[in-house]
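Just so we're aligned: the sequence shown equals residues 866 to 1101 in my numbering.
Glycine included, each C-beta is placed from N, C-alpha and C at the ideal position.
Presented below is the structure to which this report refers.
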Amino acid sequence: MSAAGAGIGRASALAMAAEGAIVHATDIDAGALSTLAAEHENIHCAPLDVTDAGAISAFAATAPIPDVLFNCAGFVHDGTVLEADDAAWEATFALNVRAMGRMIEQFLPRMIENGGGSIINMSSVASSIKGVTRRCIYSASKGAVLGLTKSVAADFIGDGIRCNAICPGTVLTPSLKARMAAGGDYDTAFEAMLNRQPTREMATPEDIAGMVVYLASDESRVATGQGFIVDGGWSL
């Protein structure tokens, strides 16, 4: 799995390890990985920049064949289409979409040879599901993730491969906390985020990790090609 150092990725690694899975966790932040590995004996960590095609290939060559591939890495660009330059478009799609494609390209053939498995991609309700202000590039990239997910699911369903996406809403991750603090008034920003939640509750990384565990398990064996919305009713 990618982006396991913090937030949803970290919570998911711990949740899967708690269920008995052997988790091979990657992240670009080696320091975050070292603390993660110390939390559970089933978690094995390796630094990985998923925007580096060569690094993905080298990692895949030494990693065991997975039963589950969880693509979690992503970046939230803030801005409208008029505030989106070429560099922002390219960087966002490189991390949010192409990196997932490369991970799938590297591991999918081996998963098929091994009898199949589950691929889980991180999308968002800010995609083709719901228009969100100041999330133009991000939403475009996460819509592409849904398209990627459905394509992989359709192409390889006969090979025992399931491919699904998770579409969270607002999740109180370290990344979101940093973005709220960057505006200079964390409390006001937090209240604004909370106000858009019909449940009046902010989701946590652990809330999303439960869906990851479900899609990784045989309990979801007939689910494929779907985007599972976990957003506290925001998209209703």
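Short of 6 Å from the beta carbon of I893, and not among the five residues preceding or following it, lie these beta carbons of its own chain, in chain order: D914. For A920, the uninterrupted alpha helix (DSSP H) run begins and ends at A918 to T927, by DSSP. For C1001, the enclosing alpha helix (DSSP H) begins and ends at C1001 to F1021. Contact check for C1032 against K1007 passes: the beta carbons are separated by less than 9 Å.
The count of Cβ pairs closer than 8 Å, one atom from the region 928-938 and one from the region 959-977, reaches three, so the stretches are in contact. Annotation: the region 957-981 contains the following complete segments of the alpha helix (DSSP H) (minimum length 4 residues), in chain order: 964-978.
Rounded to whole angstroms, L934 and M866 show a C-alpha spacing of 6 Å. If you check the CB distance, A991 and V997 come in under 9 Å.
In the same chain as S877, and ignoring 5 residues on each side of it, the C-beta atoms closer than 6 Å to its own belong to A1074 and V1077, in chain order.
For P1063, the number of other beta carbons within 10 angstroms of its own is below 16, and it is reported as exposed. The beta carbon of I1026 lies closer than 6 Å to those of G981 in the same chain, with the five residues before and after it left out. If the five residues before and after S922 are omitted, its C-beta is found closer than 7 Å to the C-beta atoms of Q971, all from its own chain and listed in chain order.
Rounded to the nearest whole angstrom, the CA to CA distance from V1017 to V1010 is 11 Å. For D932, there is no enclosing alpha helix (DSSP H), as DSSP marks it with neither H nor E. T891 is positioned such that its CB atom lies no closer than 9 Å to that of F940. Looking at the DSSP output, P912 sits in a beta bridge with D892. Judged by DSSP in its simplified three-state form, M1067 adopts coil rather than helix or strand.
Straight-line spacing of the CA atoms in E884 and V1087 works out to 20 Å. Excluding the 5 residues flanking it on each side, G966 has same chain C-beta neighbours closer than 8 Å at L1013, in chain order. One Cα belongs to A964, the other to C937, and the distance between them is close to 10 Å.
Between the alpha carbons of Y1079 and H942 lies a distance of about 29 Å.
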